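In terms of the numbering used here, the sequence shown is numbered consecutively and its last residue is 267. Glycine included, C-beta positions come from ideal geometry on N, C-alpha and C. Just so it is clear, the structure is predicted and the values come from calculations on it, not from any experiment.
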Amino acid sequence: MAVTLKPQDTPAIDGVLRLLSPRWTIAVLIQLSSGKKRTGELMKNLAPISAKMLTERLLTLRENGFIERTAYKESPPRVEYELTADGAELVALLKSVKGVCTKMPEEELHNWGNQSQREVTLAKAYTGKVPNS
């Protein structure tokens with residue numbers, strides 16, 4: 135089944151890729167893909183992430199509708215994070231990306247990681263190939 139994208143789809147896709155590009159963002163989504171997590175559990179599983187960085191990533195994902203935060207009125211307070219339906223859909227897309235990556239030669243993946251995302255995206259768009267480092 136062929137999927138066709140149009141030029142007007144570019145800004146939305148580019149926006150999501152920019153949202154995912156900061157370090158730890160994808161790791162947070164992957165952690166939440168297995169179910170609800172508390173902040174302490176995320177900190178432990180994502181070590182050496184800092185509390186500030188985790189808070190920033192959680193806030194950004196929440197503001198964009200990919201995760202939700204539930205605060206329980208308990209003593210001590212308890213807060214849990216989980217994927218929304220959109221977040222689960224995004225994780226499914228990441229799983230597809232992983233499938234594509236497993237088919238690529240390791241050297242190509244390594245070279246790809248050493249270039250700016252913009253350079254790689256532009257090269258792929260114009261030539262259909264990832265440029266060599």
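Span separating the alpha-carbon of residue i from that of residue j
| i | j | result |
| --- | --- | --- |
| R172 | V213 | 6 angstroms |
| I164 | E240 | 22 angstroms |
| E208 | T159 | 29 angstroms |
| G149 | D143 | 10 angstroms |
Per-residue burial, residue i [other beta carbons within 10 Å of its own, 16 or more giving buried]
| i | result |
| --- | --- |
| G221 | buried |
| R152 | exposed |
| Y206 | exposed |
| I147 | exposed |
Span of the beta strand (DSSP E), counted from its first residue to its last, around residue i
| i | result |
| --- | --- |
| V213 | 212-217 |
DSSP three-state assignment for residue i, whether helix, strand or coil
| i | result |
| --- | --- |
| E190 | helix |
| R157 | coil |
| K178 | helix |
| E208 | coil |
Boundaries (first-last residue) of the alpha helix (DSSP H) holding residue i
| i | result |
| --- | --- |
| T138 | It is not in any alpha helix (DSSP H) - T138 carries neither H nor E in the DSSP assignment. |
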